[in-house]
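Student:
In my numbering, the protein residues as written are 9 to 106.
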(Lines of atoms letter the chains of each structure in order from A; the text may use other names.)
(Lines give C-alpha, C1' and ligand atoms only; values in the text may rest on other atoms or scores of the structure.)
Protein backbone atom coordinates (compact mmCIF):
# COMPACT_ATOMS: atom_id res chain seq x y z
CA UNK A 9 0.00 0.00 0.00
CA UNK A 10 1.28 3.44 -0.86
CA UNK A 11 0.99 5.66 2.20
CA UNK A 12 2.12 8.81 0.41
CA UNK A 13 -1.32 9.50 -1.06
CA UNK A 14 -4.86 9.04 0.12
CA UNK A 15 -6.23 6.17 -1.97
CA UNK A 16 -9.78 7.55 -1.99
CA UNK A 17 -8.96 11.10 -3.09
CA UNK A 18 -5.42 10.96 -4.41
CA UNK A 19 -4.45 13.69 -1.95
CA UNK A 20 -1.54 13.68 0.46
CA UNK A 21 -2.37 12.15 3.84
CA UNK A 22 -2.40 14.08 7.08
CA UNK A 23 1.22 13.89 8.36
CA UNK A 24 -0.01 13.45 11.94
CA UNK A 25 -2.05 10.41 10.92
CA UNK A 26 0.93 8.95 9.09
CA UNK A 27 3.12 9.52 12.16
CA UNK A 28 0.53 7.85 14.39
CA UNK A 29 0.24 4.86 12.05
CA UNK A 30 4.03 4.54 12.00
CA UNK A 31 4.19 4.75 15.81
CA UNK A 32 1.43 2.13 16.08
CA UNK A 33 3.29 -0.19 13.70
CA UNK A 34 6.54 0.23 15.62
CA UNK A 35 4.72 -0.54 18.87
CA UNK A 36 3.12 -3.59 17.25
CA UNK A 37 6.54 -4.83 16.11
CA UNK A 38 7.91 -4.49 19.65
CA UNK A 39 4.93 -6.29 21.18
CA UNK A 40 5.06 -9.09 18.62
CA UNK A 41 8.80 -9.51 19.19
CA UNK A 42 8.22 -9.79 22.94
CA UNK A 43 5.40 -12.28 22.36
CA UNK A 44 7.68 -14.33 20.10
CA UNK A 45 10.35 -14.43 22.80
CA UNK A 46 7.78 -15.58 25.38
CA UNK A 47 6.34 -18.28 23.10
CA UNK A 48 9.79 -19.60 22.15
CA UNK A 49 10.71 -19.75 25.83
CA UNK A 50 7.45 -21.52 26.69
CA UNK A 51 8.05 -24.05 23.93
CA UNK A 52 11.53 -24.76 25.26
CA UNK A 53 10.21 -25.24 28.81
CA UNK A 54 6.97 -27.10 28.03
CA UNK A 55 8.10 -29.43 25.26
CA UNK A 56 11.18 -31.39 26.37
CA UNK A 57 13.26 -33.23 23.81
CA UNK A 58 12.79 -36.58 25.57
CA UNK A 59 10.56 -38.09 28.19
CA UNK A 60 12.84 -40.71 29.68
CA UNK A 61 10.77 -41.67 32.72
CA UNK A 62 7.72 -42.88 30.79
CA UNK A 63 7.40 -46.46 29.51
CA UNK A 64 5.08 -48.44 27.25
CA UNK A 65 1.68 -47.06 26.26
CA UNK A 66 2.06 -44.17 28.69
CA UNK A 67 5.25 -43.10 26.91
CA UNK A 68 3.53 -43.41 23.54
CA UNK A 69 0.60 -41.26 24.69
CA UNK A 70 2.89 -38.72 26.34
CA UNK A 71 5.15 -38.49 23.27
CA UNK A 72 2.11 -38.08 21.02
CA UNK A 73 0.72 -35.28 23.19
CA UNK A 74 4.10 -33.56 23.31
CA UNK A 75 4.45 -33.88 19.56
CA UNK A 76 1.06 -32.27 19.02
CA UNK A 77 1.86 -29.49 21.46
CA UNK A 78 5.21 -28.91 19.78
CA UNK A 79 3.63 -28.67 16.33
CA UNK A 80 0.98 -26.25 17.59
CA UNK A 81 3.58 -24.06 19.27
CA UNK A 82 5.85 -24.18 16.20
CA UNK A 83 2.92 -23.06 14.04
CA UNK A 84 2.25 -20.19 16.45
CA UNK A 85 5.91 -19.19 16.40
CA UNK A 86 5.94 -19.21 12.59
CA UNK A 87 2.77 -17.11 12.49
CA UNK A 88 4.20 -14.54 14.88
CA UNK A 89 7.46 -14.38 12.89
CA UNK A 90 5.42 -13.77 9.75
CA UNK A 91 3.44 -11.02 11.49
CA UNK A 92 6.69 -9.39 12.65
CA UNK A 93 8.07 -9.48 9.10
CA UNK A 94 4.85 -8.04 7.66
CA UNK A 95 4.91 -5.28 10.26
CA UNK A 96 8.55 -4.48 9.48
CA UNK A 97 7.73 -4.41 5.77
CA UNK A 98 4.88 -1.97 6.45
CA UNK A 99 7.21 0.24 8.50
CA UNK A 100 9.81 0.17 5.73
CA UNK A 101 7.14 0.92 3.14
CA UNK A 102 5.95 3.95 5.05
CA UNK A 103 9.50 5.21 5.36
CA UNK A 104 10.18 4.83 1.64
CA UNK A 105 6.94 6.60 0.69
CA UNK A 106 7.80 9.76 2.59
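By construction, the Cβ of each residue, glycine as well, lies at the ideal position given by its N, Cα and C atoms.
Starting from the N-terminal side, write out each stretch of the beta strand (DSSP E) that is 3 residues or longer and does not extend beyond the stretch 67 to 105.
Tutor: Segments of the beta strand (DSSP E) lying fully in the stretch 67 to 105: there are none.
Student: Helix or strand or just coil, what does DSSP make of residue 32?
Tutor: The answer is helix: DSSP assigns residue 32 an H, G or I state.
Student: Could you tell me the alpha carbon to alpha carbon distance between residue 60 and residue 87, rounded to whole angstroms?
Tutor: Cα to Cα, residue 60 sits roughly 31 Å from residue 87.
Student: Measure the C-alpha to C-alpha separation of residue 90 and residue 36 and round it to an integer number of angstroms.
Tutor: Computed Cα separation, rounded: 13 Å.
Student: Please state if the CB of residue 33 and the CB of residue 6 are separated by a distance shorter than 9 Å.
Tutor: One cannot answer for residue 6 here, as it falls past the ends of the chain, which runs 9 to 106.
Student: Flag this pair as yes or no: are the beta carbons of residue 77 and residue 55 separated by less than 9 Å?
Tutor: In contact: residue 77 and residue 55 (Cβ atoms closer than 9 Å).
Student: Out of curiosity, what's the CA-to-CA distance linking residue 84 and residue 64?
Tutor: For residue 84 and residue 64, the distance between alpha carbons rounds to 30 Å.
Student: Buried or exposed: which applies to residue 80, given that a residue is buried once 16 or more other Cβ atoms fall within 10 Å of its Cβ?
Tutor: Residue 80 comes out exposed.
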